[in-house]
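One structure is given below, encoded as structure tokens.
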Amino acid sequence: GQQGQQGQQGQQGGEGQGGRMAGPGGGGRGAYGPRGVSGDDARQLRSEVRQRLEDAQALRQQLARDGQDVAQLDEVIQGLRSLGNEGIWGDGENLRRLQEQVVDNLKQYEFGLRRNVLVGERERLFLSGTDEVPEGFRELVEEYYRSLSRDRQ
Numbered sequence: 078g079q080q081g082q083q084g085q086q087g088q089q090g091g092e093g094q095g096g097r098m099a100g101p102g103g104g105g106r107g108a109y110g111p112r113g114v115s116g117d118d119a120r121q122l123r124s125e126v127r128q129r130l131e132d133a134q135a136l137r138q139q140l141a142r143d144g145q146d147v148a149q150l151d152e153v154i155q156g157l158r159s160l161g162n163e164g165i166w167g168d169g170e171n172l173r174r175l176q177e178q179v180v181d182n183l184k185q186y187e188f189g190l191r192r193n194v195l196v197g198e199r200e201r202l203f204l205s206g207t208d209e210v211p212e213g214f215r216e217l218v219e220e221y222y223r224s225l226s227r228d229r230q
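According to the numbering used here, the sequence shown is numbered sequentially starting from 78.
The following block contains the structure:
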């Protein structure tokens, strides 16, 4: 219950501040002023960035074990580390630029990873187990084929 209330308070706080609380990669992208973010907002966002960094590092380890190329993910991790630095939050333009770079790199990596993983799926042929038509549809299917043959004549 407390976590739900805290989450609602955090959302309300973010909405009242122009969406800045959406943080890196969220809807608040580019919503930072020229002076960046400071105080409690900066601490909250840095905390969220640290969590995303831990997630990205765990994902990197898993993908490396699975034999996937993680070079581009390393760039994302480096960007997240940069976002975790306290000094970046005081410069709105650099913060926005770095945030966009991290998000774009992550999107590109995800797209490439999805393409690599699904390449085997595209080459597989999916067939139903039988050519049999259920009894209730047989007459409709036969009529369909008769109408196709009539249209050609």
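Note that CB positions come from ideal geometry on N, CA and C, so glycine has one too.
So, residue i versus residue j, is the Cβ gap smaller than 8 Å?
| i | j | result |
| --- | --- | --- |
| Leu-140 | Leu-150 | yes |
| Leu-183 | Ser-159 | no |
| Arg-137 | Val-126 | no |
Would you tell me roughly how many angstroms separate the C-alpha atoms of residue i and residue j, rounded to the nearest one?
| i | j | result |
| --- | --- | --- |
| Glu-219 | Asp-181 | 53 Å |
| Gln-145 | Gly-189 | 11 Å |
| Tyr-186 | Ile-165 | 24 Å |
| Gly-78 | Arg-192 | A caution first: Gly-78 carries a pLDDT of 43, below 50, which makes its placement in the model too unreliable to give a value. |
| Ala-119 | Glu-177 | 17 Å |
| Leu-225 | Glu-216 | 14 Å |
| Glu-212 | Glu-152 | 58 Å |
Where does residue i fall in DSSP's three states?
| i | result |
| --- | --- |
| Gly-100 | Any reading at Gly-100 needs caution, since the residue's pLDDT is 44, under 50, leaving its predicted position unreliable; the model's value is listed next. Coil at Gly-100, not helix or strand. |
| Gly-161 | helix |
| Gly-113 | strand |
| Gly-65 | In the structure as shown, the chain starts at 78 and stops at 230, and residue 65 therefore has no counterpart that could be examined. |
| Gln-85 | Any answer about Gln-85 is weak, because its pLDDT of 39 lies below 50 and its placement is not dependable; what the coordinates show is given next. DSSP places Gln-85 in helix when its eight states are reduced to three. |
| Arg-106 | Summary for Arg-106: the model assigns pLDDT 43, below 50, so the residue's position carries little reliability; its value from the coordinates is reported in the next sentence. It is coil, neither helix nor strand. |
Compare the Cα-Cα distances from residue i to each of the options and report the closest residue.
| i | options | result |
| --- | --- | --- |
| Val-179 | Arg-120, Leu-157, Leu-190 and Ser-115 | Leu-157 |
| Leu-121 | Glu-163, Leu-217, Leu-195 and Arg-142 | First, the residue type needs correcting, since residue 121 is Gln and not Leu in the sequence shown. With distances taken between Cα atoms, Gln-121 lies closest to Glu-163. |
| Asp-143 | Phe-214, Glu-212, Glu-152 and Val-194 | Val-194 |
So residue i and residue j are supposed to be a Cβ contact under 8 Å. How far apart are they, rounded?
| i | j | result |
| --- | --- | --- |
| Arg-123 | Gly-169 | Contact doesn't hold; Cβ gap of about 15 Å is too wide. |
| Ala-133 | Ile-154 | 5 Å |
| Gly-116 | Leu-172 | Between Leu-172 and Gly-116 the Cβ distance is about 14 Å, and since that is not below 8 Å, they are no contact. |
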